[in-house]
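Before any comments, here is the structure.
There are 2 protein chains.
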Amino acid sequence: MDNDWNDNQPIYRQLRDRVIAMILEGVLNEGDPLPSVRNVAAEFRVNPLTVLKAYQQLADEQIVEKRRGMGMYINTGARKLLLAAERQRFLKEQWPAIYATIQRLGLVPADLLSPSPTTER
Amino acid sequence: MDNDWNDNQPIYRQLRDRVIAMILEGVLNEGDPLPSVRNVAAEFRVNPLTVLKAYQQLADEQIVEKRRGMGMYINTGARKLLLAAERQRFLKEQWPAIYATIQRLGLVPADLLSPSPTTER
DNA sequence: TCTAGTGTTATACATATATATAACACCAAG
DNA sequence: CTTGGTGTTATATATATGTATAACACTAGA
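For the record, the sequence lines run as chains E and U.
Quick note on our numbering: the first sequence kicks off at 1 and runs consecutively.
Quick note on our numbering: the second sequence kicks off at 1001 and runs consecutively.
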């Protein structure tokens, strides 16, 4: 409900990532309909075209299926497809730069990856 | 010399990050001049204005100092300033989302910290 | 003074992103 | 058929980003 947009990334891509996150987290399951373009646009106070662009990308990636006049539905196999694709994308395209930044800043990767540093046994 | 631009980020910001990385890594030291706008533009086949925009940001952040007709020089204290500022920025603005993605994808420290990427699962 | 190297500004143009408004095409349900 | 919900398209506008070209202002050094 809040505007938590990150200026580093276009809104339509953040919307796409949001849907992907919901699928991976099980908030949305295969066969479920996506929230409608108009609803999302209203909820986040964003232009319907921006939402459509995000959804169009998901359709291009075979993650959702369009049904005329009804809405867009999450494809069967979407979760499995996503887990593999997103993992590879993250490890190849994002993590190397992130890891370099961590080292550059003198941070310890193991500390960042441990869930709660304070309650260490 | 390679074009390693990331479409997720404007070039001028990537140029800024590149300079910051060079300072943190000790490639550039306090008092050193930055590579000139024209040189960088030529080297990376980028518009001089784009480089200028990156350098202007660094000047705004008190990291470099302009000397008329001579160039831009890294301020004393820049490294210390950067370490603190970039650490905070990274931990507050970037790491939370990155960490969420890691968990969402079911990645474990072994996947991220080992030199060889894919481990059996 | 002249030259060559700095950063800087001015125009003009192209593309990507996002908005506002409105209308169209499709489908289920009344 | 009408209504209200889908996705979709069409115009027009604004801003950010990036390019191309050219010129200006300053400085060190020959």
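Idealized CB from N, CA, C, for every residue including glycine.
Residue of the options minimising C-alpha distance to residue i
i: E/D4; options: E/V46, E/L28, E/I23 and E/V37; result: E/V46
i: U/R1087; options: E/I11, E/L58 and E/L112; result: E/L112
i: U/V1123; options: U/T1101, U/I1063 and U/L1015; result: Because chain U is modelled from 1001 through 1121, residue 1123 of chain U falls outside the range shown and cannot be assessed.
i: E/Y12; options: E/P48, E/G31, E/E43 and E/D32; result: E/P48
i: U/V1125; options: E/V51, E/S114, E/R104 and E/A110; result: The structure shown does not extend to residue 1125 of chain U, since chain U is modelled only from 1001 through 1121, so no value can be given for it.
i: U/V1051; options: U/R1067, U/T1076, U/G1026 and U/D1017; result: U/D1017
i: U/R1089; options: E/K92, E/Q94 and E/L107; result: E/L107
i: E/L81; options: E/E61, E/L91 and E/E93; result: E/E61
i: U/Y1099; options: E/S114, E/R38 and E/D32; result: E/S114
i: E/T76; options: E/D32, E/K92, E/E93 and E/Q57; result: E/D32
i: E/R38; options: E/Q94, E/Y55 and E/E93; result: E/Y55
Beta-carbon separation (whole angstroms), residue i vs residue j, contact threshold 8 angstroms
i: E/L83; j: E/L24; result: 7 angstroms
i: U/G1071; j: U/S1036; result: 6 angstroms
i: U/E1030; j: U/I1074; result: 5 angstroms
i: E/I6; j: U/Q1009; result: It is Asn, not Ile, that sits at residue 6 of chain E in the sequence shown. E/N6 to U/Q1009, Cβ: 12 angstroms. No contact.
Within 7 angstroms, strictly: CB atoms of residue i and residue j
i: E/A85; j: E/I63; result: no
i: E/A59; j: E/K66; result: yes
i: E/I102; j: E/P96; result: no
Contacting positions in the segment 6-20 of chain E - beta carbon closer than 7 angstroms to chain U: N8 and Q9
Contact list for the segment 78-91 of chain E against chain U, Cβ threshold 8 angstroms: L83, E86, R87, F90 and L91
Residues, ordered as in the chain, of the segment 1038-1057 of chain U that lie near chain E by beta-carbon distance below 8 angstroms: none
Output the residue ranges of the beta strand (DSSP E) runs that lie fully inside the segment 1047-1088 of chain U and measure 3 residues or longer, sorted by chain position. 1064-1067 and 1071-1074
Within 8 angstroms of chain E by C-beta, residues of the segment 1100-1111 of chain U in sequence order: A1100, T1101, I1102, R1104, L1105, G1106, L1107, P1109 and D1111
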